[in-house]
Amino acid sequence: MLNMSLIGMILFGSVLILPAAALVALRWAGRTGQLAHAERAALLPFDEAEPVGLMTDKTLGVPSGAVNQAVSEVTSVNLSLNSKA
Amino acid sequence: MSVPALKALFPGDVQDTAGRRAQLAEIDASCRWPVLYFFLSGLGWLLLGTLLALVTSMKLHLPDFLAESSWLTFGRVRPAHLNTVIYGFASQSAIGVCIWLMCRLCRVPLMAAGIILAANVFWNLGLTVGVVGILVGDSTAIEWLEMPAYATPILFFSYALIAVWAIITFRLRREKQLYVSQWYLLAALLWFPWLYSTAQIMLLIQPVRGVVQAAVNWWFAHNVLGLWFTPIGLAAIYYFIPKVIGRPIRSYYLSVLGFWSLALFYNWNGLHHLVGGPLPAWMITISVVASVMMLIPVIAVAINHHYTMWGHFHKLRYSPTLRFIVVGAMCYTLTSLQGVASALRSVSEVTHFTHHTIAHAHLGMYGFFTMVMFGSIYYIFPRITLREWPSQSLISAHFWACLLGLVLYVVPLSYAGVLQGLAMNTAEIPFLKVVAGTLPFLQLRTLAGLILAAGHVAFFANIVWMLCRVLGPYQQPVRMILTGTQQTAVAGK
Amino acid sequence: MNYGPLLFLGILFTLASSWVGLVLMPNRQLGTLTPHVNATTSAIYPAARAGEAQQGAETYRSLGCIYCHSQQVRPEGFGGDIARGWGKRRTVSRDYLFDKPVQLGTSRTGPDLTNFGERNGAVDWNLKHLYNPQITSPGSIMPAYPFLFEKRRIGKNGASTNALALIAPFAPEAGYEIVPKMEALQLVEYLRSLKTSVDLPEASIKKTEGDAAAPDASATNAPTGAPAPAPAK
């Protein structure tokens, strides 16, 4: 210990201090409710138009008959895309 | 225009179904041309890079092949291949995916498309200058930074434009909460310019002394993988697996752990490429330790991705995006574990300097990153062009060719590398005998390359076919969102 | 984590750590390294390369030799480098002081070249090897470099003194000769200059009874002990 160089002491100190700081931060986060909303962020890719439970890609394996039927069922929502594109 | 003024253009977020659908459609439409340009020029470079790869591979077992021309000598075609696929295909498709994901997750339409288009022009210009520079003999011979010093500033400028655009978009986001993909994207966009400028200054403009070059070189080169491609690839996986199967990621806590442990450890990994080399032991040891620490983010990400897929594997049948992305996620786990092992001194003693490293690099850049990019393009392309993929058979051909080619490439060559390394460490075996031992595997690699090339041609054919439809009359895209009447209602005219 | 600025700082701090650790610190430690001066002979090592060999280094870089040939010797007992005769000691930072760029290499599709000049300095052998490796090393997968040579008609005064002595099937048709271009000669000079067998305080050469013997023939695909004639110019 006596011969420990400055760098060695800094390393030794940080090994103790950094995890301690991480634990304090985690405790603070838990107590002040920072983690309560965390799981909610997992829902961000979804919305009212494409909600959880909806598979959004069926490019393969769908027989063309089903496609034609679906086309006939489409209720067209006019978004005038071309004017915006 | 100031930030508050721009923000005023985008008042509060919509909340109802019809409004959401309109919003998604508006965002996708706004991304159309900028993202399309990046995808298409990326694909052009992919085809060129594939051709260069085949030439490179053939030269290793047919050394007389195209030997007459200095432009096409092995030592130039190989870096030309690397630079076209890394900076041409992989980076450009990454930027395309990045732009689209940023807009979708920030819930704002693409703004200032001019910046993106200018960036695309400069990127392709810089790359063309750089690759021609390599072929005429101006390669720097610094791995992953071969493009000569007169080309890289053009690329850096183009890159700066994209980073500025991304930060503006990020600041103007309507959705204030951040999804894990956005952290990865933002991190990649901020890390890369730091890496690229440090490498350019310390290696090309004002080279540092002696082996410090090697340290900077591998700090840069490994971080291009770890801090540029990996975060963008993971961002895409974190978005597309939940999005396609319709189920949120399994554990958001794990994704937080995965992100910050990756940020902490990955950037210390680079010097494991110099195990046994002429640098002080502490530098290499610290990289070996950091490489082993990578087990934390890799396992966290693997559990999250694969656990999210659990029970949804039957959906692979329907979605090309899911197929490519899931294979990519699996390859990420595999290549990361292989990378941790190869960083250990005892393993590196055998596998370093052999074809094992080449196989590992392709498992990472092709098996993981390229597959994820293919998957993302399959999802994004129909949405920004509002056209269906014309041929399901071409999609299947593309997927199976990629998978078969990949396995045929990585498995035999990894094995060959170990044999090669063991033989090379046995001084009694003449060197030419070591070389002869690798030959059958090098020939097999050319075969694997041909299969991959066939897959790329199938992909390209489908894209060209689709582009013909983009120029033609509007069609209702149905298959990509065939989930009932409500969901098929994206319409145009 | 919804705090953009916090995320931003975290992203920058993490990369800053390795930037300091793996870029600045190595530069601080090794950027001021100086050549070693032998106390008794006052010989300086390493010395900067002289004109022709330095030109050859540029050709080596330009042709991408690094993609198959490494220039580093790993320590005794770590891999077979020293046992193969690729060097008498491991290489250390000081060996590369004047290399721009440093071409350590990451692949050994071909043999290591750190001490190639000590193993095989024969100009004639090297030129033939570059013209077509099959002449000197049948079975090698190294590419031929015909573009470093000029095929020309033999003039009235007979064959040039520096023409390669080739026999069938490698010889050109009757009346023609193969003469090395400047780049080929420079490249060979560079290869001949690759030598690191100098005792350094941080890496000394182990003195053994076999010290004077030529390196093991299995170490390289070149014949050993060939006398080195004067460079053809």
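Chains as they are written, first to last, in the numbering used here: chain A, 105 to 189; chain B, 4 to 496; chain C, 2 to 234. Glycine residues also receive a C-beta, built at the ideal position from the N, C-alpha and C atoms. These figures come from a predicted structure and were not determined experimentally.
Between the alpha carbons of residue 110 (chain B) and residue 254 (chain B), how many angstroms are there, rounded? In the second sequence, residue 110 (chain B) corresponds to position 107, counting from 1. In the second sequence, residue 254 (chain B) corresponds to position 251, counting from 1. Distance between the alpha carbons of residue 110 (chain B) and residue 254 (chain B) is about 23 Å.
Skipping 5 residues on each side, what residues in its chain have a beta carbon closer than 6 Å to that of residue 133 (chain B)? Here residue 133 (chain B) is taken as the residue at index 130 of the second sequence, counted from 1. If we look at residue 133 (chain B) and ignore the five residues flanking it on each side, its Cβ neighbours are 150 and 154.
Please give me, in chain order, every unbroken run of the alpha helix (DSSP H) with length at least 4 that falls completely inside the segment 93-156 of chain C. 117-120, 124-132 and 134-137
Can you confirm whether residue 421 (chain B), when its beta carbon is compared against all beta carbons of chain C, has any partner nearer than 8 Å? If you number the second sequence from 1, residue 421 (chain B) lands on position 418. Chain C, which has no Cβ nearer than 8 Å to the Cβ of residue 421 (chain B), makes this no.
Just to confirm my understanding: we take residue 75 (chain C), look at its own chain, exclude 5 residues before and 5 after, and list those with CB closer than 7 Å. What are they? Residue mapping note: residue 75 (chain C) aligns to position 74 of the third sequence, counting from 1. Cβ neighbours of residue 75 (chain C) beyond the five flanking positions: 82 and 91.
Determine, for residue 73 (chain B), whether the minimum Cβ-Cβ distance to residues of chain C falls below 8 Å. Sequence index remark: in the second sequence, residue 73 (chain B) carries index 70 (1-based). With 8 Å as the cut-off, residue 73 (chain B) counts as an interface residue toward chain C.
Determine, for residue 187 (chain B), whether the minimum Cβ-Cβ distance to residues of chain A falls below 8 Å. By one-based count along the second sequence, residue 187 (chain B) stands at place 184. Judged by the 8 Å Cβ criterion, residue 187 (chain B) is not in contact with chain A.
Any beta strand (DSSP E) of 3 or more consecutive residues that is wholly inside the segment 228-304 of chain B: none
When we look at the beta-carbon of residue 222 (chain C) and count the other beta-carbons within 10 Å, is it buried (16 or more) or exposed? Start at 1 with the first residue of the third sequence, and residue 222 (chain C) comes out as number 221. Note that residue 222 (chain C) scores 49 on pLDDT, short of 50, meaning its location in the model is unreliable and no value can be drawn from it.
DSSP state of residue 167 (chain C), grouped into three classes? Position 166 of the third sequence holds residue 167 (chain C). Of the three classes helix, strand and coil, the one that applies to residue 167 (chain C) here is coil, per DSSP.
Let me check understanding here. Comparing Cα to Cα, which of B:204, B:240, B:229 and B:173 lies closest to residue 24 (chain C)? Numbered from its first residue, the third sequence carries residue 24 (chain C) at position 23. Here the closest residue by C-alpha is B:204.
For residue 159 (chain A) and chain B, any beta-carbon pair shorter than 8 Å? As a first step, residue 159 (chain A) must be located in the first sequence, where it is residue number 55. Answer yes: the Cβ-Cβ gap between residue 159 (chain A) and chain B drops below 8 Å somewhere.
Checking 8 Å against the spacing of the C-beta atoms, do residue 122 (chain B) and residue 161 (chain B) come in under that value? Here residue 122 (chain B) refers to the residue found at position 119 of the second sequence. Here residue 161 (chain B) refers to the residue found at position 158 of the second sequence. Yes, the Cβ-Cβ distance between residue 122 (chain B) and residue 161 (chain B) is below 8 Å.
Quick check: the segment 88-96 of chain B against the segment 37-45 of chain B, are there 3 or more CB pairs under 8 Å? yes
Comparing the C-beta of residue 108 (chain B) with each C-beta of chain A, is any distance below 8 Å? Taking the second sequence and counting its residues from 1, the one referred to as residue 108 (chain B) is at position 105. So, interface residue.
Can you give me the Cβ contacts of residue 110 (chain C) inside the same chain, cut-off strictly under 6 Å, excluding the 5 residues immediately before and after it? As a first step, residue 110 (chain C) is located in the third sequence; it is residue number 109 there, counting from the start. 69.
Cβ of residue 301 (chain B) less than 8 Å from any chain C Cβ? Here residue 301 (chain B) refers to the residue found at position 298 of the second sequence. False, the Cβ-Cβ gap to chain C never drops below 8 Å.
Taking the alpha helix (DSSP H) that residue 533 (chain B) falls in, what are its first and last residues? Residue 533 (chain B) is absent from the model: chain B starts at 4 and stops at 496.
Is the distance from the Cβ of residue 91 (chain B) to the Cβ of residue 140 (chain B) below 8 Å? Here residue 91 (chain B) refers to the residue found at position 88 when the second sequence is read from its first residue. Here residue 140 (chain B) refers to the residue found at position 137 when the second sequence is read from its first residue. For residue 91 (chain B) and residue 140 (chain B), no; Cβs fall outside 8 Å.
Helix, strand or coil: which one does DSSP assign to residue 45 (chain C)? Locating residue 45 (chain C) in the third sequence gives position 44, counting from the first residue. Strand, per DSSP.
Would you grab the beta carbon distance between residue 322 (chain B) and residue 158 (chain A) for me? Rounded to a whole angstrom, and I think it's under 8 Å. Working through the second sequence from its first residue, we reach residue 322 (chain B) at position 319. Working through the first sequence from its first residue, we reach residue 158 (chain A) at position 54. Not really, about 13 Å apart at Cβ, beyond 8 Å.
CB residue 197 (chain B) to CB residue 16 (chain C), shorter than 8 Å? As a first step, residue 197 (chain B) must be located in the second sequence, where it is residue number 194. As a first step, residue 16 (chain C) must be located in the third sequence, where it is residue number 15. Taking the C-beta atoms as reference points, residue 16 (chain C) is found nearer than 8 Å to residue 197 (chain B).
Flag residue 250 (chain B) as yes if its beta-carbon sits less than 8 Å from any beta-carbon of chain A, otherwise no. In the second sequence, counting from the first residue as 1, residue 250 (chain B) sits at position 247. Yes - at least one Cβ of chain A is within 8 Å of the one on residue 250 (chain B).
Only counting the same chain, and skipping five residues up and downstream in sequence, which positions put a Cβ closer than 7 Å to that of residue 235 (chain C)? Residue 235 (chain C) lies beyond the residue range present for chain C, which begins at 2 and ends at 234; the question has no answer from this structure.
At least one CB of chain A closer than 8 Å to the CB of residue 446 (chain B): is that the case? Here residue 446 (chain B) corresponds to residue number 443 of the second sequence, with the count starting at 1. Not an interface residue.
Which residues bound the alpha helix (DSSP H) around residue 361 (chain B)? Looking up residue 361 (chain B) in the second sequence gives position 358. Its alpha helix (DSSP H) spans residues 358-365.
Give a yes or no on whether 8 Å exceeds the smallest Cβ distance from residue 19 (chain B) to chain A. Against the second sequence, residue 19 (chain B) aligns to sequence position 16. Yes - at least one Cβ of chain A is within 8 Å of the one on residue 19 (chain B).
What do you get for residue 140 (chain C), buried or exposed, if any count of 16 or more other CB atoms within 10 angstroms of its CB means buried? Counting from one through the third sequence, the residue named residue 140 (chain C) turns up at place 139. So residue 140 (chain C) counts as exposed.
Is residue 471 (chain B) buried or exposed, if buried means 16 or more other CB atoms sit within 10 Å of its CB? Within the second sequence, residue 471 (chain B) is the residue found at index 468, counting from 1. Answer is exposed; the Cβ neighbour count stays below 16.
Measure the alpha-carbon distance for residue 420 (chain B) versus residue 356 (chain B) and round it to whole angstroms. Taking the first residue of the second sequence as 1, we reach residue 420 (chain B) at position 417. Taking the first residue of the second sequence as 1, we reach residue 356 (chain B) at position 353. Rounded to the nearest angstrom, the two C-alpha atoms are 9 Å apart.
In chain order, each alpha helix (DSSP H) run of at least 4 residues that lies wholly inside the segment 394-478 of chain B: If we require 4 residues or more, the alpha helix (DSSP H) runs fully inside the segment 394-478 of chain B come out as 395-427 and 434-474.
Quick check: is the beta carbon of residue 178 (chain B) nearer than 8 Å to any beta carbon in chain A? One-based indexing of the second sequence puts residue 178 (chain B) at position 175. Yes, residue 178 (chain B) counts as interfacial toward chain A.
Against chain B, with Cβ distances strictly below 8 Å, would residue 163 (chain A) count as a contact? Counted from its first residue, the first sequence places residue 163 (chain A) at position 59. Residue 163 (chain A) counts as touching chain B.
Under the DSSP definition of a beta bridge, which residues are partnered with residue 177 (chain C)? For the purposes of this step, residue 177 (chain C) is taken as the residue at position 176 of the third sequence. DSSP output for residue 177 (chain C) lists C:154 as bridge partner(s).
What is the DSSP secondary structure of residue 70 (chain C), reduced to helix, strand or coil? To locate residue 70 (chain C), count along the third sequence from 1; it is residue 69. Three-state DSSP puts residue 70 (chain C) in coil, outside helix and strand.
Below-8 Å beta-carbon distance, residue 126 (chain C) vs any chain B residue: Within the third sequence, numbered from 1, the residue matching residue 126 (chain C) stands at position 125. With 8 Å as the cut-off, residue 126 (chain C) does not count as an interface residue toward chain B.
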